[in-house]
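J.: Chains as they are written, first to last, in the numbering used here: chain R, 1 to 364; chain C, 365 to 521; chain Y, 522 to 896. All residues carry an ideal CB built from backbone N, CA and C; glycine is no exception. Mind looking over this structure? Questions follow.
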Amino acid sequence: MEYLYFLYIELLHKYNLPEFIGMTTFPLLPFCVVAVALILVVLFLVLMERKVLAFFTQRKGPNRVGPWGLFQTIADAIKLLCKENITPTGAEKFMFNLAPLLAFVPVMVIWGLIPFSSEFDFMSYSVSALLFMTIASIPILGILLAGYASNNKYSLIGSFRAVAQAISYELPLVFVLVSVVVLASSLNLRQIVLAQISVYPFCGWFIFPAFLGFLIFFICATAELNRCPFDLPEAESELVSGYNTEYSGMKFAFFFLAEYAMMFIMCAFMATLFLGGFLSPFGFYLSEKFINNTFWAQISVYFEQVFWLFLKTFFLIFCMMLVRATLPRLKSNQLMGFAWKVLLPLSFLNLFFICCYKYFIYAK
Amino acid sequence: MIKKSLKPFRDIIALALGHLTVFKHVFKKPVTLEYPEKKLPLNDKFRGEHALVVDNEGNLLCTACGTCQRVCPSFGTIEIEKEKTEDGKFYPKNYTIDLSKCIFCGNCVQYCPFGAITMTKEYELADEKKSALKLDINTLKKNYSDSIIGERDTSKR
Amino acid sequence: MTTKNKLKINIGPQHPSTHGVLRLVLELEGEIIKSCEPVIGYLHRGMEKMAESHTYLQYLPIVDRIDYLSGFFNSFAYCNAVENLTQIEVSKRSQYIRVLTMEMNRLSSHLLWLGTFLLDMGATSPLFYTFRDREVILSLFEELTGQRLMYNYYTFGGLRHDVSSDWLDKITDFVKIMPKKIQDYENIITNNPIFTTRTKNIGIMSKNSALQYSITGPNLRATGINVDSRKTIHPFACSPIQLIYPELDFQIPTAQNGDSFDRYKVRVEEMKACLKLISQCVDWLKSNSGEVISPIKQPLLKVPEGEFISNVEAPRGVCSCYVKSDGSTKPYRVKWRTGSFYAVQILPKLLENAFYPDLMAIFGSLDVILPEVDR
Ligand code: SF4
Ligand code: SF4
C-alpha cells in the first residue's frame with residue numbers, strides 16, 4: 001500500500017500537481033477501481049450465466065454481438081439505459097426511486113471487504129466478517145421497499161416472500177460463519193484466509209473440517225441471493241417478476257446489477273471462508289517459481305492471488321448455475337420448513353462439531 | 365422405520381443424479397440452428413407460398429373452374445376473374461390469393477382437377493404492407509418459375 | 522366472511538404460466554387460495570358455429586386448430602364421424618397410419634406438457650430437452666404432411682398420401698433413442714425431493730369428483746379409474762380405429778392417488794406406452810402394403826341425414842365430435858367435447874385452500890390448453 005501511494009504521488013509530481021491532491025484522492029482510488037471492476041465482472045457474469053445455461057441445455061447462447069457474444073450484456077445495458085423510466089401512477093414516488101439504490105449501494109460497499117490478495121484489501125477491519133454479514137442484509141430492505149412502493153400485488157407478495165426468506169436463511173448462515181470464525185480465531189477476513197495456510201497444499205482449507213457447514217452456507221447463500229431453487233420472490237410462473245415487476249429501464253438495471261454483483265460477492269465470500277480465498281491450491285505461487293526477479297515476483301504474486309480467488313469464485317458460481325438449471329422451485333412453506341427444521345439444526349451440529357475439532361485436534 | 369430414515373440419503377442420491385444428468389449435456393453438441401444464416405432443409409411436401417403452374421409453352425394450366433375457391437376454408441382468399449378465349453376455353457384473367465387470409469391448408473392444391481396450382485417452399489412471407497401479401501396472377505406465375513419443385517402436385521390427389 | 526383480509530388477484534389473461542389466455546380470479550388469504558374463478562373465452566374462435574357455414578371439406582383444415590398440439594386427434598374425430606355417416610370404408614393401412622401418427626402426436630403433446638409443467642415448477646432445463654425431442658417429431662410430421670402443427674393430413678375415407686419407407690425408418694431410429702431421453706427426464710425430476718414434496722398430495726382429485734366433473738384422459742386415470750377409449754369400446758361410437766387398437770399390445774398406465782405427482786407419472790408412463798405402440802405400427806406398415814388414398818375424389822361431399830358422435834382418446838382426455846347432417850353439403854351442427862374444458866371446471870375445487878405456489882403444480886399437471894377450452 002505504502003509503495004503504491006508513493007508511486008501515485010510520484011506520478012502526480014510528474015504532472016506538477018500538488019501533493020494534497022494525492023493525499024485526498026488516493027483513498028478514493030480503490031473505490032473507483034472496485035466499482036469499475038465490479039461492473040465489469042457483473043457484465044461478464046451475466047453473459048457467463050446465459051452461456052452456461054445454454055450449454056446445459058444444448059444451445060449456443062448469445063453469440064451475435066461481438067465474438068462469442070462478448071458484448072451482448074453491454075448491448076443489453078445500453079438498451080436498458082435507453083428505455084423510458086416508468087413510475088406507476090399509484091406508486092409511492094420517493095420510495096419507489098429509493099429502493100433500487102438501497103439494493104445497489106450496500107453491494108458496492110461490501111465488495112471492498114473481500115481480501116483479494118495478501119496485501120490489497122480496500123477495507124480491512126478486525127470485524128470485517130461481521131460487517132460483511134451486516135451490510136449484506138441491507139439490500140433486502142430495498143426489495144421490501146420496492147414491493148411496497150410499486151403498488152402492485154405481485155410485487156407485494158414477492159417482497160413479503162423475499163423478506164421472510166432472508167430472515168430465516170440468515171440464521172444458519174451466521175451460525176456457519178461462527179464456526180469458521182471459531183476455526184480461524186479471528187473475525188478479520190484476511191486473518192481467516194491466512195489461517196487456512198498449512199504445510200500440505202490445500203489441506204488447511206476450512207472446507208475439510210467444515211464440509212457440512214460449507215453445504216449449508218452454499219444453500220443459504222443461494223437463498224439469500226434469491227436464486228433458483230429459492231427464487232420465490234421473483235417466481236415468474238406465479239408472480240410475473242416478483243418485486244421488480246413495475247420497474248423498468250435504469251431502475252430495473254440497478255436491481256439486476258445488484259443481484260448479480262451480490263452473487264459474485266457471496267461466492268467470493270464463500271471462497272474466502274472455505275476454499276482458502278486467495279491462497280494457491282498448490283501450496284506455492286506459480287509466479288514465485290517461474291519469475292526470478294524478486295520485485296516482479298512479488299507483484300505478480302498479488303495478481304496471481306486475485307486470479308486464484310476469481311477462479312474459486314467462478315467455480316462456485318458455476319455450481320450455482322448447475323443448481324439453477326436442474327432444480328425446480330421450492331414452495332414457500334417448504335422453504336421455511338427447510339430453513340428452520342433442517343438447516344438450523346444442522347448448522348448447530350456443524351458448530352458443535354467444529355468446536356470439538358478445534359478443541360481436540362486443531363489446537364494441538 | 366428403516367425406510368424412512370434412509371429417505372434423506374435417497375433424496376441426496378436423486379439430487380446428485382439430476383445434477384449429473386444436466387451436467388452431461390454440456391458435452392453434447394448444441395442443437396441450435398442459427399436461423400437466418402442456416403435453414404432447415406424443407407421437403408417436397410412443404411406448404412408455403414402459392415404458385416400457378418405454367419406448362420412448357422408458357423400457358424397457365426388453370427381453367428378458372430373455381431374448385432379451389434370452393435374448397436378453401438378461408439372465404440375470400442382466392443379471387444378469380446374468369447374470361448373466355450375465342451376458341452371457347454376459359455382462362456383466369458386475374459387470379460389473386462390473399463396470403464393474409466390463407467391458412468396454408470393445401471386444400472386448393474389437393475383438389476384442383478388440373479393440377480394447376482402448387483405450393484412452393486417459400487415461407488418468409490412477412491411484409492410491411494398488407495397489400496404486399498396479395499399475390500396477383502403475375503406474381504403467382506413468377507413464383508412457379510422461381511420454385512424448384514416443379515410438377516410435384518399433378519400426380520398427387 | 523369479510524373480504525377485509527383477502528387479497529384479490531387476477532392471473533391472466535396475459536401471464537407467463539397460464540398456457541395461453543386463461544384468466545383466474547383468485548382470492549388469497551395470506552398465501553392460501555380461498556376461491557378461484559376461471560374466466561374463459563379469450564380464445565373463442567367460434568369453431569362450432571363456423572362448421573355451419575363451411576362445407577364438410579372446408580371445415581377439415583379448421584378442426585386441426587381446435588387443439589393445435591394434437592391436431593391429428595381432432596382431425597380423426599371429425600373424419601371418423603363423417604365417414605360413419607357416409608359409410609365410407611377406411612382401408613386397414615390408412616388406419617394403421619392414423620394410429621401411428623396419432624400416437625406420435627400424443628408423444629409430442631406430452632413432451633410439450635412435460636417441459637412447460639416443469640418450467641412452471643421452476644426447472645428450466647427439461648423444457649429445452651423436451652422441446653429438442655419434440656422437434657424431431659415435428660420434423661417428421663413436416664416431412665409427412667407439409668406442416669409442423671396444422672397437418673390437414675386425414676381426409677374422409679383415407680389419407681392424403683402414403684408414407685414412404687424412409688420415413689418409417691426414421692421413426693424406427695427415433696423410437697430407439699427415445700427411451701433413453703425419457704430416462705433422462707426421469708433422472709432429473711421424478712425422485713427429486715423438491716419436486717415430490719411439491720406435487721405429492723397436492724391437488725388431490727377423488728374418484729368421485731373426477732367422475733362428477735367428467736374428467737377424462739390421464740387426469741382420470743391418475744385417480745385409479747382405468748378408462749381409456751382406446752381399450753373400451755363406446756356403444757355409440759364404434760369407430761373403425763377401435764378395430765386397430767385391440768390388435769396392438771399396450772398397457773394403460775394408471776395410478777391411485779389422483780394428485781399432481783400421479784398425473785405426472787401417468788403421463789410419463791403413457792409416453793413409454795406410446796413408443797411401444799409406434800414401433801408396433803411401424804412394424805405392421807413395413808410388412809404390409811395397401812391403398813390409403815380415399816375413394817372420394819369430389820370436393821363437394823353430400824352426407825346423408827343423420828347424426829354421429831365419434832370418440833377418440835386425445836392426450837388431454839376424450840375428444841369427441843358430434844356431427845348432425847341434414848343431407849346437404851354443410852353440417853347442420855357440429856359439437857366438440859374436449860378434455861381440457863372439464864379440467865378447467867374442476868380447477869376451483871382442486872385449488873380450494875391450496876397454497877398459492879401450488880397453483881402452478883396443480884394447474885400445470887392438469888395439462889390444460891386454452892384453444893381447446895374456448896374453441
Ligand atoms: S387453380 Fe385449379 S381449381 Fe383453381 S380455378 Fe384454376 S383449375 Fe380450377
Ligand atoms: S392453402 Fe387453403 S386457405 Fe390457402 S388458398 Fe389454398 S385452400 Fe385457401
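Compare the beta carbon distance of Glu486(C) and Thr460(C) with 8 Å and say whether it is the shorter of the two.
T.: Residue mapping note: residue 486(C) aligns to position 122 of the second sequence, counting from 1. Residue mapping note: residue 460(C) aligns to position 96 of the second sequence, counting from 1. Cβ atoms of Glu486(C) and Thr460(C): not closer than 8 Å.
J.: For Arg858(Y), does the three-state DSSP call read helix, strand or coil?
T.: For the purposes of this step, residue 858(Y) is taken as residue 337 along the third sequence, with counting starting at 1. Strand, per DSSP.
J.: Would you check if the segment 831-840 of chain Y and the segment 690-699 of chain Y touch, i.e. whether three or more CB-CB distances between them fall below 8 Å?
T.: no
J.: Kindly indicate the opening and closing residues of the alpha helix (DSSP H) around Asn712(Y).
T.: For the purposes of this step, residue 712(Y) is identified with residue 191 of the third sequence, where counting begins at 1. Unbroken run through Asn712(Y): none, as it is neither H nor E.
J.: Could you spell out the range, first to last residue, of the alpha helix (DSSP H) harbouring Glu224(R)?
T.: As a position in the first sequence, residue 224(R) is number 224, starting the count at 1. That run of the alpha helix (DSSP H) goes Phe211 to Glu224.
J.: Would you mind telling me which residues of chain Y sit closer than 8 Å to Pro328(R), beta carbon to beta carbon, in chain order?
T.: As a working note, residue 328(R) is residue 328 in the first sequence. For Pro328(R), the C-beta contacts it makes with chain Y under 8 Å involve Leu639, Met642, Gly643, Ala644, Ile710, Asn713, Ile715, Phe716 and Arg719, in order along the chain.
J.: For Val584(Y), collect the residues of the same chain with a Cβ closer than 7 Å to its Cβ; drop the 5 residues on either side in sequence, then sort them by chain order.
T.: Here residue 584(Y) corresponds to residue number 63 of the third sequence, with the count starting at 1. Closer than 7 Å at Cβ, skipping near neighbours: Asn595, Ser596 and Tyr599.
J.: Could you have a look at Asn458(C) and say whether DSSP puts it in helix, strand or coil?
T.: Taking the second sequence and counting its residues from 1, the one referred to as residue 458(C) is at position 94. In the structure shown, Asn458(C) sits in a strand (DSSP, three-state: E or B).
J.: In chain order, what residues of the same chain lie with their CB nearer than 8 Å to the CB of Leu604(Y), ignoring the 5 residues before and after it?
T.: Here the question's residue 604(Y) lines up with position 83 in the third sequence. According to the sequence displayed, residue 604(Y) carries Glu and not Leu. Cβ neighbours of Glu604(Y) beyond the five flanking positions: Val611, Phe677, Gly678 and Pro761.
J.: Pick out whichever of Leu370(C), Gln474(C) and Val435(C) has its Cα sitting closest to the Cα of Arg411(C).
T.: On the second sequence, residue 411(C) is found 47 positions in, with the first residue counted as 1. Nearest C-alpha to Arg411(C): Gln474(C).
J.: Note down, in chain order, each residue of its chain lying with its Cβ closer than 6 Å to the Cβ of Leu406(C), except the 5 sequence neighbours on either side.
T.: What you label residue 406(C) is simply residue 42 of the second sequence in a count that begins at 1. Hits under 6 Å: Lys485.
J.: Whose CA, out of Tyr617(Y), His565(Y) and Pro582(Y), lies closest to the CA of Gly811(Y)?
T.: The sequence position of residue 811(Y) within the third sequence is 290, counting from 1. Closest option to Gly811(Y), Cα to Cα, is Tyr617(Y).
J.: Apart from the five residues just before and just after Pro100(R), which ones in its own chain have a Cβ nearer than 6 Å to its Cβ?
T.: Within the first sequence, numbered from 1, the residue matching residue 100(R) stands at position 100. If we look at Pro100(R) and ignore the five residues flanking it on each side, its Cβ neighbours are Lys251, Phe254 and Phe255.
J.: Rounding to the nearest angstrom, what Cα-Cα distance links Glu663(Y) and Ser495(C) in this structure?
T.: Walking along the third sequence from the start, residue 663(Y) turns up at place 142. Walking along the second sequence from the start, residue 495(C) turns up at place 131. Between Glu663(Y) and Ser495(C), the C-alpha separation is close to 29 Å.
J.: Excluding the five sequence neighbours on either side, which residues of its own chain have a C-beta within less than 6 Å of the C-beta of Ala743(Y), listed in chain order?
T.: Position 222 of the third sequence, counting from 1, holds the residue named residue 743(Y). Closer than 6 Å at Cβ, skipping near neighbours: Ala776, Gly779, Asp783, Arg784 and Val787.
J.: At which residues does the beta strand (DSSP E) containing Leu113(R) begin and terminate?
T.: Here residue 113(R) refers to the residue found at position 113 when the first sequence is read from its first residue. Run containing Leu113(R): none; DSSP gives neither H nor E here.
J.: Out of curiosity, what's the CA-to-CA distance linking Ser519(C) and Arg854(Y)?
T.: In the second sequence, counting from the first residue as 1, residue 519(C) sits at position 155. In the third sequence, counting from the first residue as 1, residue 854(Y) sits at position 333. Confidence in Ser519(C) is poor, its pLDDT being 36 and thus under 50, which makes the residue's placement too unreliable to answer from.
J.: Give a yes or no on whether the C-beta atoms belonging to Thr850(Y) and Leu891(Y) are separated by under 8 Å.
T.: Residue numbering aside, residue 850(Y) sits at position 329 when the third sequence is read from its first letter. Residue numbering aside, residue 891(Y) sits at position 370 when the third sequence is read from its first letter. Not in contact: Thr850(Y) and Leu891(Y) (Cβ atoms no closer than 8 Å).
J.: Under the three-state reduction of DSSP, which class applies to Asn502(C): helix, strand or coil?
T.: Residue mapping note: residue 502(C) aligns to position 138 of the second sequence, counting from 1. Three-state result, Asn502(C): helix.
J.: I'd like to know whether the C-beta atoms of Leu232(R) and Arg324(R) end up nearer to each other than 8 Å.
T.: Position 232 of the first sequence, counting from 1, holds the residue named residue 232(R). Position 324 of the first sequence, counting from 1, holds the residue named residue 324(R). For Leu232(R) and Arg324(R), no; Cβs fall outside 8 Å.
J.: Assign Ser846(Y) to one of two classes, buried (16 or more other C-beta atoms within 10 Å of its C-beta) or exposed (fewer than that).
T.: Here residue 846(Y) corresponds to residue number 325 of the third sequence, with the count starting at 1. By the neighbour-count rule (16 or more Cβ atoms within 10 Å), Ser846(Y) is buried.
J.: Flag Phe410(C) as yes if its beta-carbon sits less than 8 Å from any beta-carbon of chain R, otherwise no.
T.: For the purposes of this step, residue 410(C) is taken as the residue at position 46 of the second sequence. No, because no Cβ of chain R sits closer than 8 Å to the Cβ of Phe410(C).
J.: Check whether the Cβ atoms of Ile703(Y) and Val789(Y) lie closer than 8 Å to each other.
T.: As a working mapping, residue 703(Y) is identified with position 182 in the third sequence. As a working mapping, residue 789(Y) is identified with position 268 in the third sequence. Yes; because the gap between Cβ atoms is below 8 Å, this pair is in contact.
J.: For Gly541(Y), which of helix, strand or coil comes out of DSSP?
T.: What you label residue 541(Y) is simply residue 20 of the third sequence in a count that begins at 1. Here Gly541(Y) sits in coil by DSSP.
J.: Just checking: is the beta-carbon of Ile415(C) within a distance shorter than 8 Å of some beta-carbon in chain Y?
T.: Looking up residue 415(C) in the second sequence gives position 51. Reading off the sequence, residue 415(C) comes out as Ala, not Ile. Judged by the 8 Å Cβ criterion, Ala415(C) is not in contact with chain Y.
J.: Exposed or buried, what is Pro767(Y) when buried is set at 16 or more other beta-carbons lying within 10 Å of its beta-carbon?
T.: Working through the third sequence from its first residue, we reach residue 767(Y) at position 246. Pro767(Y) is exposed by the Cβ-count criterion.
J.: I need the straight-line Cα distance from Met173(R) to Gly213(R), nearest angstrom please.
T.: In the first sequence, residue 173(R) corresponds to position 173, counting from 1. In the first sequence, residue 213(R) corresponds to position 213, counting from 1. The amino acid occupying residue 173(R) in the given sequence is Leu; Met does not appear at that position. Put simply, the backbone Cα of Leu173(R) is about 9 Å away from that of Gly213(R).
J.: Is it the case that the Cβ atoms of Arg59(R) and Thr396(C) are separated by a distance below 8 Å?
T.: For the purposes of this step, residue 59(R) is taken as residue 59 along the first sequence, with counting starting at 1. For the purposes of this step, residue 396(C) is taken as residue 32 along the second sequence, with counting starting at 1. Going by beta carbons, Arg59(R) and Thr396(C) fall inside the 8 Å limit.
J.: By DSSP, does Asn673(Y) sit in helix, in strand, or in coil?
T.: For the purposes of this step, residue 673(Y) is taken as the residue at position 152 of the third sequence. Reduced to three states, the DSSP call for Asn673(Y) is coil.
J.: Hey, is Pro400(C)'s beta-carbon within less than 8 Å of any beta-carbon in chain R?
T.: For the purposes of this step, residue 400(C) is identified with residue 36 of the second sequence, where counting begins at 1. Output row for Pro400(C): interface = no.
J.: Is Pro139(R) closer than 8 Å to Val107(R) when the C-beta atoms are compared?
T.: Here residue 107(R) refers to the residue found at position 107 of the first sequence. Here residue 139(R) refers to the residue found at position 139 of the first sequence. Cβ atoms of Val107(R) and Pro139(R): closer than 8 Å.
J.: Do Ile481(C) and Leu416(C) have their CB atoms nearer than 8 Å?
T.: Residue mapping note: residue 481(C) aligns to position 117 of the second sequence, counting from 1. Residue mapping note: residue 416(C) aligns to position 52 of the second sequence, counting from 1. Yes, Cβ-Cβ distance for Ile481(C) and Leu416(C) is below 8 Å.
J.: How would you call Thr737(Y), buried or exposed, if buried means at least 16 neighbouring beta carbons within 10 angstroms?
T.: Here residue 737(Y) is taken as the residue at index 216 of the third sequence, counted from 1. Buried, by the Cβ-count rule.
J.: What's the C-alpha gap between Ile532(Y) and Ser630(Y)?
T.: Residue mapping note: residue 532(Y) aligns to position 11 of the third sequence, counting from 1. Residue mapping note: residue 630(Y) aligns to position 109 of the third sequence, counting from 1. Ile532(Y) and Ser630(Y): Cα-Cα distance of roughly 24 Å.
J.: Taking C-beta pairs closer than 7 Å, name the residues in chain C that Pro582(Y) reaches, listed in chain order.
T.: On the third sequence, residue 582(Y) is found 61 positions in, with the first residue counted as 1. Chain C residues near Pro582(Y): Pro437, Ile467, Cys469 and Asn471.
J.: Just the residues with CB closer than 6 Å to a heavy atom of ligand 1, in chain order, which are they?
T.: This criterion selects Cys426(C), Thr427(C), Ala428(C), Cys429(C), Gly430(C), Thr431(C), Cys432(C), Ile444(C), Cys476(C), Phe478(C), Ala480(C) and Ile481(C).
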